[in-house]
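Numbering (numbering that gives the first Met the number 0), first residue to last: 0 to 365. All C-beta atoms, glycine included, are put in the ideal place defined by N, C-alpha and C. A short worksheet on the structure shown next.
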Amino acid sequence: MSNSKAPLEKRVERLRHAMEQSGCDCVLLMVLEGLGWQNCYYFSGFRGSSAAVFITKDETLLVTDERYRLQASAQSPFDIVMQGNRPLYMTVKEMIEERDPGRVGLDGDRLPVSMYRKIAAGWDLEDFSSVFASLRRKKDSFEKANILEAARISRKALDKVINEMPKPVREIDISAALEYSMKTMGADGGWQDHEFVVASGQRSALPHGRAGWREIASGEWATVDFGARFSGYVCDVTRNLLFGEIKGEWLKKQEVLLEAQEAAAAAIGPGVRAADIDAVARNVIERYGFGENFTHGLGHGIGLEIHEAPHLSPRSEDVLQEGDVITLEPGIYFDGEGGMRVEDDYLVTAEGSECLTALIPKALTM
Numbered sequence: 000m001s002n003s004k005a006p007l008e009k010r011v012e013r014l015r016h017a018m019e020q021s022g023c024d025c026v027l028l029m030v031l032e033g034l035g036w037q038n039c040y041y042f043s044g045f046r047g048s049s050a051a052v053f054i055t056k057d058e059t060l061l062v063t064d065e066r067y068r069l070q071a072s073a074q075s076p077f078d079i080v081m082q083g084n085r086p087l088y089m090t091v092k093e094m095i096e097e098r099d100p101g102r103v104g105l106d107g108d109r110l111p112v113s114m115y116r117k118i119a120a121g122w123d124l125e126d127f128s129s130v131f132a133s134l135r136r137k138k139d140s141f142e143k144a145n146i147l148e149a150a151r152i153s154r155k156a157l158d159k160v161i162n163e164m165p166k167p168v169r170e171i172d173i174s175a176a177l178e179y180s181m182k183t184m185g186a187d188g189g190w191q192d193h194e195f196v197v198a199s200g201q202r203s204a205l206p207h208g209r210a211g212w213r214e215i216a217s218g219e220w221a222t223v224d225f226g227a228r229f230s231g232y233v234c235d236v237t238r239n240l241l242f243g244e245i246k247g248e249w250l251k252k253q254e255v256l257l258e259a260q261e262a263a264a265a266a267i268g269p270g271v272r273a274a275d276i277d278a279v280a281r282n283v284i285e286r287y288g289f290g291e292n293f294t295h296g297l298g299h300g301i302g303l304e305i306h307e308a309p310h311l312s313p314r315s316e317d318v319l320q321e322g323d324v325i326t327l328e329p330g331i332y333f334d335g336e337g338g339m340r341v342e343d344d345y346l347v348t349a350e351g352s353e354c355l356t357a358l359i360p361k362a363l364t365m
């Protein structure tokens with residue numbers, strides 16, 4: 000992230016507005032062994048594995064240790080507080096005590112219970128997780144550019160795998176080659192903390208079938224769910240990679256998914272209920288007789304995390320807003336036979352939507 004102060008200050012000011020509305024005097028974000036780095040990065044620009052961001056109506060402070068002194072100064076424009084030779088929580092607790100706030104906002108989704116207990120005594124604590132999630136939904140031009148670059152790298156990496164990988168090939172070979180190529184092309188890596196989803200044969204009926212050791216035969220396909228991470232931001236794409244000619248019935252099923260995705264994309268816009276977008280795609284799939292085989296929600300938000308707000312499913316209460324970046328990933332699965340899914344990323348605009356992964360072809364043959 001650029002260490003330019005303006006975009007970060009704008010984010011902090013939006014957070015301060017939310018703090019004022021809830022009567023919260025300060026917000027504390029902690030990064031512990033890498034857990035919770037996304038919110039710290041979003042508001043401060045810092046991406047180390049141990050830190051705290053302390054925000055009041057007048058101050059924005061970044062707390063870290065000597066290992067990250069130079070990195071913190073380079074990445075964040077805000078004042079740096081060094082924790083010295085004591086645990087991070089002790090420095091943070093002392094900062095809270097000095098200011099004696101009435102109410103402290105925390106990231107309850109990412110703060111371990113053990114750490115919560117160490118800093119909890121004496122203050123009224125409020126879970127600000129939903130506030131952070133809401134603020135991060137609206138992507139600015141910097142965030143959009145990073146997602147677009149992640150998509151560009153993903154396309155190049157996929158092209159390299161298709162054109163240069165020798166056959167026969169195993170699922171794990173595709174996953175490893177994609178991640179290696181992404182990193183050598185300038186990405187942070189992939190979005191995953193494990194192998195990408197590369198599922199072939201009957202395993203393609205597993206929506207989240209991690210790449211295994213199975214060798215992919217001619218006449219089969221592999222459902223590949225992958226994406227690069229660039230400057231913290233991810234893209235999330237799924238393609239069905241064909242190995243030679245496959246049965247026509249499966250090509251028709253892929254056409255159904257593409258039709259469902261296209262119909263849902265046409266329905267995107269600010270103020271539209273996420274559940275209604277899901278219903279558009281689901282109705283297309285049901286019309287072809289595959290409704291029972293579409294076993295998950297249509298999509299989700301992406302950004303610094305691979306799954307974030309809003310969520311698109313029949314039960315979702317989310318409403319789309321301008322600046323959301325969402326996936327549309329209709330899929331159908333048949334036990335003992337296989338499955339297929341297609342997935343692309345869309346920015347919600349004032350006029351409708353913009354597909355950020357349109358440069359990645361839908362029809363791919365190995």
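Express the C-alpha separation of residue j and residue i in angstroms, rounding to a whole number.
{"i": "Arg213", "j": "Met164", "result": "16 Å"}
{"i": "Glu316", "j": "Ala274", "result": "7 Å"}
{"i": "Gln70", "j": "Ala186", "result": "19 Å"}
{"i": "Glu12", "j": "Gly101", "result": "20 Å"}
{"i": "Arg98", "j": "Phe131", "result": "23 Å"}
{"i": "Leu363", "j": "Arg109", "result": "39 Å"}
{"i": "Val279", "j": "Val271", "result": "12 Å"}
{"i": "Asp235", "j": "Lys9", "result": "27 Å"}
{"i": "Leu61", "j": "Gly44", "result": "10 Å"}
{"i": "Lys159", "j": "Cys354", "result": "23 Å"}
{"i": "Glu65", "j": "Glu96", "result": "23 Å"}
{"i": "Thr348", "j": "Arg135", "result": "16 Å"}
{"i": "Gly290", "j": "His16", "result": "44 Å"}
{"i": "Ile173", "j": "Gln20", "result": "49 Å"}
{"i": "Leu256", "j": "Lys246", "result": "16 Å"}
{"i": "Ser1", "j": "Asn292", "result": "Note that Ser1 scores 45 on pLDDT, short of 50, meaning its location in the model is unreliable; the coordinates nonetheless yield the value given after this. Between Ser1 and Asn292, the C-alpha separation is close to 44 Å."}
{"i": "Lys182", "j": "Lys4", "result": "28 Å"}
{"i": "Gly107", "j": "Ser128", "result": "6 Å"}
{"i": "Pro86", "j": "Gly322", "result": "38 Å"}
{"i": "Gly35", "j": "Asn145", "result": "20 Å"}
{"i": "Gly268", "j": "Met81", "result": "45 Å"}
{"i": "Glu307", "j": "His299", "result": "6 Å"}
{"i": "Ala176", "j": "Asp343", "result": "21 Å"}
{"i": "Leu327", "j": "Thr237", "result": "10 Å"}
Between the options, which has its C-alpha nearest residue i's C-alpha?
{"i": "Asp78", "options": "Arg85, Arg68 and Leu87", "result": "Arg68"}
{"i": "Val223", "options": "Phe229, Val196 and Ser43", "result": "Val196"}
{"i": "Leu31", "options": "Phe141, Gly47, Ser72 and Phe42", "result": "Gly47"}
{"i": "Ala170", "options": "Gly243, His16, Trp249 and Gly211", "result": "Residue identity differs from the one stated: residue 170 is Glu in this sequence, not Ala. For Glu170, the nearest C-alpha among the options comes from Gly211."}
{"i": "Glu336", "options": "Ser72, Ala221 and Ser128", "result": "Ala221"}
{"i": "Pro367", "options": "Ala264, Leu319 and Gly351", "result": "For the chain, the structure presents residues 0 to 365; residue 367 sits outside this window and is missing."}
{"i": "Lys361", "options": "Leu297, Val341 and Ser49", "result": "Val341"}
{"i": "Leu319", "options": "Tyr88, Leu7 and Glu350", "result": "Glu350"}
{"i": "Ile54", "options": "Ser72, Ser230 and Met29", "result": "Met29"}
{"i": "Phe333", "options": "Ile146, Ala204 and Glu285", "result": "Ala204"}
{"i": "Gly83", "options": "Met94, Pro76, Thr63 and Glu93", "result": "Thr63"}
{"i": "Thr59", "options": "Leu27, Arg202, Leu34 and Leu147", "result": "Leu27"}
{"i": "Lys117", "options": "Ser133, Glu93 and Asp126", "result": "Glu93"}
{"i": "Ala262", "options": "Arg238, Leu297 and Gly22", "result": "Leu297"}
{"i": "Tyr41", "options": "Thr237, Pro309, Ser49 and Glu142", "result": "Glu142"}
Which first and last residues belong to the alpha helix (DSSP H) in which residue i is found?
{"i": "Ser72", "result": "Arg68 to Gln74"}
{"i": "Asp158", "result": "Ser140 to Glu163"}
{"i": "Ala132", "result": "Ser128 to Arg136"}
{"i": "Leu27", "result": "Segment Cys25 to Leu31 is the beta strand (DSSP E) holding Leu27; no alpha helix (DSSP H) there."}
{"i": "Arg116", "result": "Val112 to Ala119"}
{"i": "Arg98", "result": "Leu87 to Arg98"}
{"i": "Phe42", "result": "Trp36 to Ser43"}
Within the continuous beta strand (DSSP E) that includes residue i, where are the two ends?
{"i": "Leu311", "result": "Glu307 to Leu311"}
{"i": "Leu105", "result": "Arg102 to Leu105"}
{"i": "Thr326", "result": "Val324 to Leu327"}
{"i": "Ala5", "result": "Not the beta strand (DSSP E): Ala5 falls in the alpha helix (DSSP H), residues Lys4 to Ser21."}
{"i": "Met81", "result": "Asp78 to Met81"}
{"i": "Ser352", "result": "Ser352 to Cys354"}
I'd like to check one pair, residue j with residue i: are the Cβ atoms closer than 7 Å?
{"i": "Cys39", "j": "Val103", "result": "no"}
{"i": "Met339", "j": "Gln253", "result": "yes"}
{"i": "Lys304", "j": "Gln74", "result": "It should be noted that the sequence gives Glu, not Lys, for residue 304. No, these two residues do not count as a Cβ contact at 7 Å."}
{"i": "Leu358", "j": "Arg228", "result": "no"}
{"i": "Glu180", "j": "Ala150", "result": "The question names Glu, yet the displayed sequence has Ser at residue 180. In this structure, Ala150 does not lie closer than 7 Å to Ser180 by Cβ."}
{"i": "Ala259", "j": "Val283", "result": "yes"}
{"i": "Ile276", "j": "Leu250", "result": "no"}
{"i": "Ile152", "j": "Val233", "result": "no"}
{"i": "His295", "j": "Pro206", "result": "yes"}
{"i": "Ser217", "j": "Gly200", "result": "no"}
{"i": "Tyr345", "j": "Ile325", "result": "yes"}
{"i": "Ala51", "j": "Val91", "result": "yes"}
{"i": "Glu194", "j": "Arg209", "result": "yes"}
{"i": "Gly231", "j": "Trp190", "result": "no"}
So does residue i have its beta carbon nearer than 6 Å to some heavy atom of the ligand MN?
{"i": "Asp277", "result": "In the structure shown, the ligand MN is absent, as is every other ligand, since no ligand is present at all."}
### Task
Would you mind listing the beta strand (DSSP E) stretches within the stretch 167-248 that are 3+ residues and don't spill past its ends, in chain order?
196-199, 220-225, 227-229 and 236-241
### Task
Entirely within the stretch 260-318 and at least 3 residues each: give me those beta strand (DSSP E) ranges in chain order.
298-300 and 307-311
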